[in-house]
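Below is one structure, written out as structure tokens, with a few remarks after it.
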Amino acid sequence: MTVRVRFAPSPTGMFHVGGARSALQNWIYAKQQGGVFVLRVEDTDAARNKPEWTEGILSALDWIGISRGSYEGPYFQSENAGEHRAAAARLYESGRAYYCDCTREDVQARTGSQYQGYDGYHRDRGLGPGPGHALRFRTPDEGTTVVVDLIRGEPTFENKLIEDFVIARGDGSPVFLLANVVDDMTMGITHVIRAEEHLPNTPKQQLLWDALGVKPPVWAHVPVVVNEKRQKLSKRRDKVALEAYREEGYLAGAMRNYLMLLGWAPSGDREIVPWSVIEDEFRLEEVNPSPAFFDEKKLRAFNGEYIRALPVAEFIDACQPWLTGTGTIAPPPWQPEEYDAEAFAAVAPLAQTRLAVLSEIVPNVDFLFLASPLIDEAAWTKTMKDGSAELLDDAVAAFEALESWDAESLKSTLEAVGAERGLKLGKTQAPVRVAVTGRTVGLPLFESLEVLGRERTLARMRAARLRLV
Ligand code: GLU
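Numbering of the sequence shown is given in the numbering used here, commencing with residue 89 and proceeding in unit increments.
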């Protein structure tokens, strides 16, 4: 039997990191089993679907390594509507489902209490199809439904506690629960690996598989992803969109490595490992069923390590979207013609060791590409104290006299200027840094000045000096 798994996102919003995690787990499982990964877009909720969300999912999957053309699909659930209706009809004809026109209020009036589920009123009343008649599945009165789950063992559900649930609405349209089962059946899915949120639906779905006469798949419900307060990650509260991480400058390699650690770890005391190790070592059965904490701080640290591990040339390439404003990345604060690839290449190795995410490249190098630096006023006030004006005067004079404009000479020269005032280098360089870069922190100062060049450095120092009059 060939293993066939599927990833079945609903295109109702930005692509969620939890979804990306499930997709990767499906992807690896298929690969390990010599199986097939199917992508099915569950687009039957017409009111909430948008084509751009579908495109977003495809491109986010592509980014994370599940590339277009290397899987089966995408299929679209809406294209399968005929099959869904046929299955509903089969269940009705075989007596496994029946029509019902009760409203919630009707049921409540009969049971005289809060609505606690459907009471089975129409089970044997022989109502036929018609407008406003929903189709309900006749659940067994006895016995249990045992869900075989690779991660959770055998969750067991009492059939008598499962109400006769709706499988097609009053307008005849099949509900998601049924469509999802029918699609899995038609597509020959053998393993359903999906988020824990769907576990409560699983006994109902398994009953549908049985009633339709097909052996149910093996299930694996992967843990819910939570924030630091142990709340389920929500798009209203948390940063959940994979696209947001991409735009901030997370590397796909770091992201997918981190996502695979949600509920699982490679052997030894390692977390950052090559993708091939994850592909070898990942075991779906070993995934911890408890909620998995999505720790953005840890992800940032991961990403920093991945950035540092890049060959410099790749780092330079990887920064281009932020430096030149390509793609969906917001344009940088300088004009395209002000960007200087050579200057960037000169400081790139210094920047590479300092970034956690690639977007941070902009405040680190903007001073190189702007006609005058963006002055951070708070930094200016904090740094420019009594004596800064004279210090800048002396520094300008000393720099003007330099024969060779290189980091080492600049450093020893400024050191000497500070020493005359009994200042350590840190204190001496602060006003120079703010004058030239506009900020108190950044790349190593003297290398920065070397790349910026004599003229521009001196002009900025003089301009700052004038502001201090
Ligand atoms: N479309 C469903 C979702 O996005 C997935 C259902 C499933 O995986 O069975 O939550």
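Note that beta-carbon positions come from the ideal geometry of N, C-alpha and C, so glycine has one too.
Tell whether a beta-carbon distance below 8 angstroms holds between N391 and A444.
Yes; because the gap between Cβ atoms is below 8 angstroms, this pair is in contact.
Among R282, D229, Q408, nearest to A418 - alpha-carbon criterion
Answer by Cα proximity: Q408.
At a cut-off of 7 angstroms, would you count S182 as near the ligand GLU, judging by its Cβ distance to the nearest heavy atom?
False, no ligand heavy atom lies under 7 angstroms from that Cβ.
H286 Cβ short of 7 angstroms to the ligand GLU heavy atom set:
Checking the Cβ of H286 against the ligand GLU gives yes.
Those runs of the alpha helix (DSSP H) which lie wholly inside the stretch 430-463 and span at least 4 residues:
Considered as a whole, the stretch 430-463 harbours 449-457 as its complete alpha helix (DSSP H) runs of no fewer than 4 residues, in chain order.
Residues that R92 bridges to, as DSSP identifies them
Paired residue(s): V124.
Mind reading off the beta-carbon distance from E331 to F125? Whole number of angstroms is fine, and I expect it under 8 angstroms.
About 21 angstroms separates the CB atoms of E331 and F125; that is not less than 8 angstroms, and the two are not in contact.
Whole-number beta carbon distance between L511 and A483, since they are thought to touch under 8 angstroms
Between A483 and L511, the beta carbon gap of about 11 angstroms keeps them out of contact (Cβ cut-off 8 angstroms).
Could you give the DSSP three-state label for Y180: helix, strand or coil?
Correct three-state label for Y180: helix.
Pair within 8 angstroms by beta-carbon distance, T90 and W141
Cβ atoms of T90 and W141: not closer than 8 angstroms.
How is E316 classed by DSSP in three states: helix, strand or coil?
Coil.
So what does V529 bridge to, in DSSP terms?
Beta-bridge partners of V529 (DSSP): none assigned.
Return the bridge partner residues of W297 from the DSSP annotation.
The partner list for W297 (beta bridge, DSSP) is empty, contrary to what the question assumes.
Which of helix, strand or coil DSSP assigns to T191:
Three-state result, T191: coil.
Does DSSP put Y346 in a helix, a strand or coil?
When secondary structure is reduced to three states using DSSP, Y346 falls in the helix class.
By Cβ distance, which residues of its chain are closer than 8 angstroms to N137, with the 5 residues on each side in sequence left out?
If we look at N137 and ignore the five residues flanking it on each side, its Cβ neighbours are S98, P99, T100, D131.
Quick check on the DSSP output: what are the complete beta strand (DSSP E) runs of length 3 or more inside the stretch 100-156, in order along the chain?
You should have 124-129.
Might you give, ordered along the chain, the residues of its own chain that have their beta carbon closer than 7 angstroms to the beta carbon of Y427, omitting 5 neighbours on each side?
Same-chain partners within the cutoff: L411, T412, F457.
Nearest residue (CA-CA) to M549, options R509, Y394, N345, W468
Of all alpha-carbon atoms in R509, Y394, N345, W468, the one lying nearest the alpha-carbon of M549 is that of W468.
Is V310 close to the ligand GLU? I mean its beta-carbon at under 7 angstroms from any heavy atom of the ligand.
In this structure, V310 has its beta carbon at no less than 7 angstroms from each heavy atom of the ligand GLU.
May I ask which residues mark the beginning and end of the beta strand (DSSP E) holding E160?
It spans 160-164 - the beta strand (DSSP E) in which E160 sits, taken as one unbroken run.
Could you tell me the distance, in whole angstroms, from the CA atom of S201 to the CA atom of V365?
Approximately 57 angstroms, taken between the alpha carbons.
Cutting at 8 angstroms between CB atoms, please list the residues of its own chain near G241, excluding the five before and the five after it.
Take G241, set aside five residues on each side of it, and no residue of its chain has a beta-carbon closer than 8 angstroms to its own.
By Cβ distance, which residues of its chain are closer than 7 angstroms to D464, with the 5 residues on each side in sequence left out?
So the list reads G526, R527, once near-sequence residues are dropped.
Using a Cβ-based criterion (distance less than 7 angstroms to any ligand heavy atom), does S322 qualify as near the ligand GLU?
The answer is no for S322.
Cβ of P519 within 8 angstroms of Cβ of L480?
In terms of Cβ geometry, P519 and L480 form a close pair [threshold 8 angstroms].
Buried or exposed: Q319, going by 16 or more other Cβ atoms within 10 Å of its Cβ?
Of the residues assessed, Q319 falls on the exposed side of the cut-off, its CB having fewer than 16 other CB atoms within 10 angstroms.
Count the C-beta pairs between the stretch 229-238 and the stretch 282-298 that are closer than 8 angstroms, then say yes if the count reaches three, no if not.
Verdict: yes, contact present.
Give the straight-line distance between the Cα atoms of V314 and Q113, rounded to the nearest whole angstrom.
The straight-line gap from Cα to Cα measures roughly 18 angstroms.
Label R128 either buried or exposed according to how many other C-beta atoms from any shown protein chain fall within 10 Å of its C-beta, with 16 as the threshold for buried.
Per the 10 Å Cβ criterion, buried.
Minimum C-alpha distance to H309 - residue among G337, A283, A489, E478:
Cα-wise, what sits closest to H309 is A283.
The ligand GLU and P97: does the residue's C-beta get closer than 7 angstroms to at least one heavy atom of that ligand?
The answer is yes for P97.
Mind listing, in chain order, the continuous alpha helix (DSSP H) runs of no fewer than 4 residues lying wholly within the stretch 192-241?
Segments of the alpha helix (DSSP H) lying fully in the stretch 192-241: 192-199.
G220 beta carbon less than 8 angstroms from that of D189
If you check the CB distance, D189 and G220 come in under 8 angstroms.
Of all the options A397, P461, N168, which has the alpha carbon lying nearest to the alpha carbon of M273?
That would be N168, whose Cα lies nearest to the Cα of M273.
Can you check which of these residues, L554, D133, G218, R94, is closest to A477 by C-alpha distance?
Out of L554, D133, G218, R94, L554 has the C-alpha closest to the C-alpha of A477.
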